[in-house]
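Q: There's a structure below that I have some questions on.
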Amino acid sequence: MVVARTGVDCGAGAVSVELANRGGVAANVDLAVSRAGVTTGLVLGAGATTTTTVAVDPTLENTRLDVRVLDHLSGELLARDAVTVDCEAPARPAATVTVDCPAGVVRVRLANEGGEATRLTVVRVRHETVPPTELAPGAVLELEFPLGDDGEDLLVLDADGGELLRRHLEPDCPRPRFELDAGIDCGAGRALATVTNRGDAPGEATLVLGPTSHVLELDAGASRTVESTLTGPEPVAVPVRLVVDGVETSRLDLEADCVDPSAAVDVACRALTLTLAERGEGLARFTVVITVDGADLVRRPVVVEPGADTVDIPLPAGGAWRLRVDEATESAPLAVVEGPAACTEPTASVTVDCATGRARVAVDGGETGVEAGVVTGGRVVAVVSLEPGRSGDVEVAAGPHPVEVRDAAGGVLARSDGCPVPPSGTAGTVAWALLGAGVALSAVAAWRWRT
Numbered sequence: 313m314v315v316a317r318t319g320v321d322c323g324a325g326a327v328s329v330e331l332a333n334r335g336g337v338a339a340n341v342d343l344a345v346s347r348a349g350v351t352t353g354l355v356l357g358a359g360a361t362t363t364t365t366v367a368v369d370p371t372l373e374n375t376r377l378d379v380r381v382l383d384h385l386s387g388e389l390l391a392r393d394a395v396t397v398d399c400e401a402p403a404r405p406a407a408t409v410t411v412d413c414p415a416g417v418v419r420v421r422l423a424n425e426g427g428e429a430t431r432l433t434v435v436r437v438r439h440e441t442v443p444p445t446e447l448a449p450g451a452v453l454e455l456e457f458p459l460g461d462d463g464e465d466l467l468v469l470d471a472d473g474g475e476l477l478r479r480h481l482e483p484d485c486p487r488p489r490f491e492l493d494a495g496i497d498c499g500a501g502r503a504l505a506t507v508t509n510r511g512d513a514p515g516e517a518t519l520v521l522g523p524t525s526h527v528l529e530l531d532a533g534a535s536r537t538v539e540s541t542l543t544g545p546e547p548v549a550v551p552v553r554l555v556v557d558g559v560e561t562s563r564l565d566l567e568a569d570c571v572d573p574s575a576a577v578d579v580a581c582r583a584l585t586l587t588l589a590e591r592g593e594g595l596a597r598f599t600v601v602i603t604v605d606g607a608d609l610v611r612r613p614v615v616v617e618p619g620a621d622t623v624d625i626p627l628p629a630g631g632a633w634r635l636r637v638d639e640a641t642e643s644a645p646l647a648v649v650e651g652p653a654a655c656t657e658p659t660a661s662v663t664v665d666c667a668t669g670r671a672r673v674a675v676d677g678g679e680t681g682v683e684a685g686v687v688t689g690g691r692v693v694a695v696v697s698l699e700p701g702r703s704g705d706v707e708v709a710a711g712p713h714p715v716e717v718r719d720a721a722g723g724v725l726a727r728s729d730g731c732p733v734p735p736s737g738t739a740g741t742v743a744w745a746l747l748g749a750g751v752a753l754s755a756v757a758a759w760r761w762r763t
């Protein structure tokens, strides 16, 4: 199929005929313009377009000319058009717009079909404006712009600034459309990014995940996931960008904070119990430091998977100490505790029964334990050794001297007066004398442990 479009080039004194072969095979045609002659043997390839100029008599002003396109061999009429020579008329600007999806362009054809020169301006709203274009009588100018993704308004203004053409371009062309999704997989220790082509044509996009770029070619409806291993102390910043045709279309700023550590401290008299927990999805790396008098007594690394771990740490007897618990992902310590902690001290009591001449000594080791001696008349008549949390009692002979319970440092835990001395000259005087000397009943009569 051959199509003809005719115009008058007043400046050249000619008729301009644009011939387009829309068929699939070449065509050999003749061009006949009334009152101007015939041009023969024009060969048009399949899909080709050509423009032929035919000179006309300048005296043909206001004359209608018929234009016919004939098959060169058969003489069959293939196309027909007409044009009026009006070179003395004012300028008659015209504009047409076509969208070429395969080429991804918009084509604008500007023409001056009048007899005087004119000026046209093309405006692409939200894009660049083409400088005003001078068009001589009969002149044709074709402009080409890239096809926008989001639609645009196109205007053609005449010499007076009036709208010659306004068209909203919302091209319905097959094209790719990329979406980005990303996240952190704490359990696997990696960042993941997925690009999906939601459009109806294949395309190429560049995914930037952390420091690495990945060029992805995706068919319509296809997706691809890229992963990156998390490194460095938390929180780890992972920027994710999607770039299409050199333009960043999406951006996500991920932060990997997979570890949620905690530390609980239970302070006993001579020991610490730490409960170190990881409530997230990573590994918590704790450092436990106990300082005594400015020096590290304990420095212990502890790694805890999601869950909890209990750590028992003995403390030195007496003196000041300080506990600090740090975790690799946290900027501040999770726990700081200072001691010494208050301890339940050992206690003792003494009960003297003068009627039987016996004294019962009861000792509680408290939280520290104790080694205590039972002293009467200046002599140690019994020794009591108790572990922390244990208690016991012992019976010893009672005499005229006080009964005391003393710890290893000589401190008195308990004391009871002795029994009154009987009148002199009696048999009891002899017995008291023996007891006072620590001779008769100085041994421990009985010893029983109690918990």
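Its first residue numbered 313, the sequence shown is counted upward by one per residue in my numbering.
Virtual Cβ for every residue (Gly too), placed ideally from N, Cα, C.
Taking the alpha carbon of residue 733 as the reference point, which residue from 416, 711, 383 and 481 has its own alpha carbon closest?
A: 711
Q: Using C-beta distances below 8 angstroms, list every residue in its chain close to residue 655, excluding the 5 sequence neighbours before and after it, in chain order.
A: 581, 582, 678, 679 and 680
Q: Could you check if residue 355 is buried or exposed, using at least 16 other CB atoms within 10 Å of its CB as the buried criterion?
A: exposed
Q: Do the CB positions of residue 453 and residue 405 come within less than 8 angstroms of each other?
A: No, these two residues do not count as a Cβ contact at 8 angstroms.
Q: Would residue 739 be called buried (16 or more neighbouring beta carbons within 10 Å of its own) or exposed?
A: Low confidence applies to residue 739: its pLDDT is 44, below 50, so where it sits in the model is not reliable enough to give any reading.
Q: Any idea what DSSP makes of residue 546, helix, strand or coil?
A: coil
Q: Give the straight-line distance between the Cα atoms of residue 498 and residue 540, rounded to the nearest whole angstrom.
A: 12 angstroms
Q: Hey, could you find the ends of the beta strand (DSSP E) residue 672 is sitting in?
A: 670 to 676
Q: In terms of residues, what are the limits of the beta strand (DSSP E) holding residue 590?
A: 583 to 590 is the span of the beta strand (DSSP E), which, as asked, contains residue 590.
Q: CA-CA distance, residue 572 and residue 687?
A: 58 angstroms
Q: Mind checking which residues open and close the beta strand (DSSP E) that includes residue 478?
A: 475 to 481
Q: Helix, strand or coil for residue 318 per DSSP?
A: strand
Q: Can you list, in chain order, the residues of its chain with a C-beta nearer than 7 angstroms to that of residue 382? Leave out the 5 residues immediately preceding and following it.
A: For residue 382, where only same-chain residues beyond five positions count, the Cβ hits under 7 angstroms are 341, 342, 344, 388, 389 and 390.
Q: In the DSSP assignment, the beta strand (DSSP E) including residue 325 goes from what residue to what residue?
A: Note, residue 325: premise wrong, no beta strand (DSSP E); not H, not E.
Q: To the nearest angstrom, how far is it from the Cα of residue 579 to the Cα of residue 675?
A: Approximately 25 angstroms between the Cα atoms of the pair.
Q: As a quick exercise: from 457, 485 and 525, pick the residue whose alpha carbon is nearest that of residue 413.
A: 485
Q: Among residues of its own chain, excluding the 5 on either side of residue 665, which ones have a beta-carbon nearer than 8 angstroms to its beta-carbon?
A: 671, 672 and 710
Q: Going along the chain, which unbroken runs of the beta strand (DSSP E) with 3 or more residues stay wholly within the stretch 447 to 527?
A: 452 to 458, 464 to 469, 475 to 481, 490 to 497, 502 to 509 and 515 to 521
Q: Buried or exposed for residue 638, going by 16 or more other Cβ atoms inside 10 Å?
A: buried
Q: Evaluate residue 397 with the Cβ neighbour count: other Cβ atoms within 10 Å of its Cβ, from every protein chain shown; 16 or more gives buried, anything less gives exposed.
A: buried
Q: Check residue 405 in the structure and name its three-state DSSP category.
A: strand
Q: From the DSSP output, in three-state form, read off residue 537 for me.
A: strand
Q: Identify every run of the beta strand (DSSP E) within the stretch 605 to 672, keeping only runs that are complete inside it and at least 3 residues long; order them along the chain.
A: 607 to 616, 619 to 626, 633 to 639, 647 to 651 and 659 to 665
Q: Between residue 314 and the rest of its own chain, which residues show a CB-CB distance below 8 angstroms, the 5 nearest in sequence each way excluded?
A: 331, 332, 333, 334, 335, 339, 341, 356, 381, 390 and 391
Q: To which residues of the same chain is residue 385 closer than 8 angstroms at the C-beta, ignoring the five residues directly before and after it?
A: 340
Q: What residues in its chain sit with their C-beta under 8 angstroms from that of residue 416, if we drop five residues either side in the sequence?
A: 458, 459 and 485
Q: Could you tell me the distance, in whole angstroms, from the CA atom of residue 442 to the CA atom of residue 324?
A: 26 angstroms
Q: Which first and last residues belong to the beta strand (DSSP E) in which residue 353 is found?
A: 349 to 356
Q: Is there contact between the stretch 461 to 475 and the stretch 504 to 517, where contact requires at least three CB pairs shorter than 8 angstroms?
A: no
Q: Taking the alpha-carbon of residue 648 as reference, which of 605, 575 and 596 has the nearest alpha-carbon?
A: 575
Q: Buried or exposed, going by whether 16 or more other CB atoms sit within 10 Å of the CB of residue 694?
A: Buried: at least 16 other Cβ atoms inside 10 Å.
Q: Nearest-angstrom Cα distance between residue 620 and residue 635?
A: 19 angstroms
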